[in-house]
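Below is one structure, written out as structure tokens, with a few remarks after it.
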Amino acid sequence: MIIGKVVGTVICTRKNNNLVGSKFLIVDPMEKMGLNAGRIVAVDNVGAGINDIVLVATGSAARVGCDDMNAPVDACIVGIVDDPQKIVLID
Amino acid sequence: MIIGKVVGTVICTRKNNNLVGSKFLIVDPMEKMGLNAGRIVAVDNVGAGINDIVLVATGSAARVGCDDMNAPVDACIVGIVDDPQKIVLID
Amino acid sequence: MIIGKVVGTVICTRKNNNLVGSKFLIVDPMEKMGLNAGRIVAVDNVGAGINDIVLVATGSAARVGCDDMNAPVDACIVGIVDDPQKIVLID
Amino acid sequence: MIIGKVVGTVICTRKNNNLVGSKFLIVDPMEKMGLNAGRIVAVDNVGAGINDIVLVATGSAARVGCDDMNAPVDACIVGIVDDPQKIVLID
Amino acid sequence: MIIGKVVGTVICTRKNNNLVGSKFLIVDPMEKMGLNAGRIVAVDNVGAGINDIVLVATGSAARVGCDDMNAPVDACIVGIVDDPQKIVLID
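Protein chains in written order, with my numbering: chain C, 1 to 91; chain B, 92 to 182; chain E, 183 to 273; chain V, 274 to 364; chain G, 365 to 455.
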């Protein structure tokens, strides 16, 4: 997974039927985090919002995170780090 | 997912049988978006076209997005952002 | 998917039993194409050859493209762009 | 897989129900290792801790590594290299 | 898939039960090969060793390559290029 900050939202008027009602958040990976990841759009399933620090799962795990294997999503927010002090780094 | 702009089309005369009838669009990821993604070819399933800003799902989610688990695709357009103002970024 | 040019072949004498009879082609992604992809080895299933411009699907889609979910492959050629003019780019 | 060092931990108070009880460790890939991987968050299932050198599986293999196909995870620690001398490199 | 050279081995004393008996080899991708891939750890299933030039499948294909869908692996050696002249490149 990667840790990132929610920096935006995106709304698609026309979309796949299985995405109706989904909330799309734009996540900016934390420094050094992810495969030199750029920003990604993730479906939110735990009530995250702008500025939240979140944990994002990508790939087929995203459909598991959405509780909907028919949702064509490849990134899903699966946790919220509500206190930055709960990210402990030794360097 | 990633947000990108449709910048082209590609037609394959000889192709896998399960791709017959599929429309292939070339998508250029939005700045800072995606895993330093370069351009990708995505199957369109929501009626997108040149210059549209679209939401693309990759990996096994793409087959879900095409409603055809037998289609050998790894990227699928799953939404159209018809109004750029529906992409809200805090920075 | 990515578009690329077939720039080589590779033969493995000793290989997984489910790959016996498979043809391996080395594909160089088109400029700006793919996740900063380097070259990849793809199984050919549509009759491609050296210098052909091809469409490659990666990930689990590759096994679908080979019509063999038991083939340990993660990239498969699923289309041939036999006329470069069938790649239309607006920039 | 990649080899990396556990350099941190992260705790999410609000998270997907299937992640309750999971331990999240931040892994920094060994030099030259991984797809130019940045750091990743992996679920620990073998008792790893800070400073341990670990083997991480990513993608759908991570759910297999957690013995829980319903856990929305895309990276899982599947081994601990308890003696650095057990990493032998010819260069 | 990618072509690479086996440049090392790694042994994990503590590991996931489904990896007991697995042989882990460190593979350095051939120049220009792979998604700017760094080195990866792959399970060997075809009898490869140090200095061998090998074909590696990644993602869910790796579990197929190991003949064990319960093995938490995301990279598997599926072929050995025993004669470098069997890699033919036109440039």
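For every residue, glycine included, the Cβ atom is placed at its ideal position computed from N, Cα and C.
Quick caveat: nothing in here was measured; it's all calculated off a predicted structure.
Burial state of residue i, where buried means 16 or more other Cβ atoms lie within 10 Å
| i | result |
| --- | --- |
| B/T149 | buried |
| G/I454 | exposed |
| V/G320 | exposed |
| E/I200 | Sequence inspection shows Asn at residue 200 of chain E; the Ile mentioned does not correspond to that position. E/N200 should be labelled buried. |
| B/K106 | buried |
| B/G140 | exposed |
| G/V442 | buried |
Beta-carbon proximity check, residue i vs residue j, cutoff 8 angstroms
| i | j | result |
| --- | --- | --- |
| E/C248 | E/V238 | no |
| B/R130 | B/V111 | no |
| G/D446 | E/T191 | no |
| G/V428 | G/G368 | no |
| V/A335 | C/A61 | yes |
Through-space distance from residue j to residue i, alpha-carbon basis
| i | j | result |
| --- | --- | --- |
| C/S22 | C/D44 | 7 angstroms |
| C/V6 | V/A315 | 20 angstroms |
| E/M212 | V/N324 | 41 angstroms |
| B/A162 | E/N252 | 16 angstroms |
| C/C112 | E/K268 | In the structure as shown, chain C begins at 1 and stops at 91. Residue 112 of chain C is therefore absent and cannot be evaluated. |
| C/I80 | G/A401 | 30 angstroms |
| E/F206 | C/D68 | 36 angstroms |
| G/V452 | C/V88 | 49 angstroms |
| E/P266 | G/P448 | 32 angstroms |
Residue(s) in a DSSP beta bridge with residue i
| i | result |
| --- | --- |
| G/K369 | G/D392, G/I417 |
| B/R130 | E/M215 |
| G/V452 | E/T191 |
| V/G352 | V/L328, G/K379 |
| C/D44 | C/I77 |
Contact belief for residue i with residue j at Cβ below 8 angstroms, rounded distance in angstroms
| i | j | result |
| --- | --- | --- |
| G/M397 | G/I366 | 5 angstroms |
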